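Numbering (our numbering), first residue to last: 111 to 478.
Idealized CB from N, CA, C, for every residue including glycine.
This one's a predicted model, so the numbers in the text were calculated from it and none came from an experiment.
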């Protein structure tokens, strides 16, 4: 049957109405803009110690062993390596020595591995109290200059530069966690890096657990300092260490977000692994930017009576499940298991265990 003019107009009106409804629903479901980041490698990262860096048992990393570690990461199917840039050691003067990092970064590049630099610690000449007193005031600007020296040397050969280590956790910000002080540090780093390599990717937060309260206050502090979507609130990617558990046990990584909240001085911490999804959504709501995420540390300890305790072989099962979940998150830009270093005194070490087998199988795709 041929359509009449009335049928054509009625159909067109219906289609227009449905289109408007679809637009409204879409806007309501996605209230923030998804700002794409430059493409970077995704997948599992393995820790590699710089040349002359400390190894378990009082040993030192040599050039030969460092190259062997990088090559082993490539052979095992890792996407990249994470290297700690300890400024207390690398910057014994205001001029940093990048030589211990250079062969590791160069060899990783030759093998197609991404590199994340975990930049932390305060040099003794800046603060004699210790490496984990976060740089504040004028020291934040001095620390940012040291950070920028690394960026000037390596540029985009490094996929991401992490700013500090767990500033929301008192052992690593020993004067007491302070979102405003860390916001000052992030801004100082961002501005120093912009002057030498605007395309470098800055990883901010680097939080202990999925700390919703601290992150909310951090975002507010960044806004007060001029942070906005245009300058990305002074960082590119969200760093987090989403350890799952409490003082005596580790939680199944599949446990629902919000099912194990604890309260701290700065607000709510979600102690589940999947809380990372909740944290990312909160940041998107607060900032208007859907962030890519870097898991700089995640693991379980096999030492009874300690944080995140899980015995083998359950630890291997939990690690496998966490990696499976992580593989489904297209916004995840790296996952480093803590720790692949062979340290018999560290219950988190997976060397020689079923968890190490599980990790290797995940990297090579053999596990079902």
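N-terminal and C-terminal residue of the alpha helix (DSSP H) that residue i is part of
| i | result |
| --- | --- |
| residue 392 | 385 to 397 |
| residue 219 | 212 to 220 |
| residue 257 | 248 to 264 |
| residue 333 | 322 to 334 |
| residue 288 | Segment: none, residue 288 is in no alpha helix (DSSP H) and carries neither H nor E. |
| residue 197 | 197 to 200 |
| residue 469 | 464 to 474 |
Sequence-distant residues of the same chain with beta carbon closer than 8 Å to residue i, five excluded per side
| i | result |
| --- | --- |
| residue 249 | 232, 236, 237 |
| residue 464 | 422, 423, 425, 426 |
| residue 368 | 380, 382, 385, 388 |
| residue 435 | 363, 364, 383, 384 |
| residue 170 | 162, 163, 164 |
| residue 280 | 286, 287 |
With 16 other Cβ atoms within 10 Å as the buried cut-off, status of residue i
| i | result |
| --- | --- |
| residue 462 | exposed |
| residue 224 | buried |
| residue 358 | exposed |
| residue 296 | buried |
| residue 287 | buried |
| residue 244 | buried |
| residue 240 | exposed |
| residue 397 | buried |
| residue 285 | exposed |
| residue 158 | buried |
| residue 289 | buried |
| residue 337 | buried |
| residue 373 | exposed |
| residue 143 | With a pLDDT of 39 at residue 143, under the threshold of 50, the predicted position of this residue should be treated as unreliable, and no value is reported. |
| residue 323 | buried |
Cutoff 7 Å; reference residue i; Cβ partners in own chain excluding five residues on either side
| i | result |
| --- | --- |
| residue 403 | 347, 348, 350, 386, 390, 441, 442, 443 |
| residue 168 | none |
| residue 151 | In this prediction, residue 151 scores a pLDDT of 37, lower than 50, which makes its location untrustworthy; the coordinate-derived value is nonetheless stated afterwards. Counting only Cβ-Cβ distances below 7 Å, and skipping sequence neighbours, we find 189, 190, 224, 269. |
| residue 310 | 261, 265, 266, 271, 303 |
| residue 155 | 188, 189, 190, 191, 192, 226, 444, 445, 446 |
Unbroken beta strand (DSSP E) run spanning residue i, endpoints
| i | result |
| --- | --- |
| residue 271 | 270 to 273 |
| residue 366 | Element bounds for residue 366: n/a, residue is neither H nor E. |
| residue 380 | 377 to 380 |
Identity of the residues DSSP links to residue i by a beta bridge
| i | result |
| --- | --- |
| residue 88 | Here the chain comprises residues numbered 111 to 478, so residue 88 is not present and cannot be evaluated. |
| residue 229 | 195, 273 |
| residue 155 | 190, 446 |
| residue 350 | 317, 405 |
| residue 373 | 378 |
| residue 165 | 169 |
| residue 355 | 360 |
Cut-off 6 Å between Cβ atoms - residues of its own chain near residue i, not counting five sequence neighbours on either side
| i | result |
| --- | --- |
| residue 198 | 231, 233, 241 |
| residue 317 | 278, 350 |
My parser needs the alpha helix (DSSP H) runs of 4 or more residues fully inside the segment 397 to 443; what are they? For the segment 397 to 443, the full-length alpha helix (DSSP H) segments reaching 4 residues or more read 424 to 437 along the chain.
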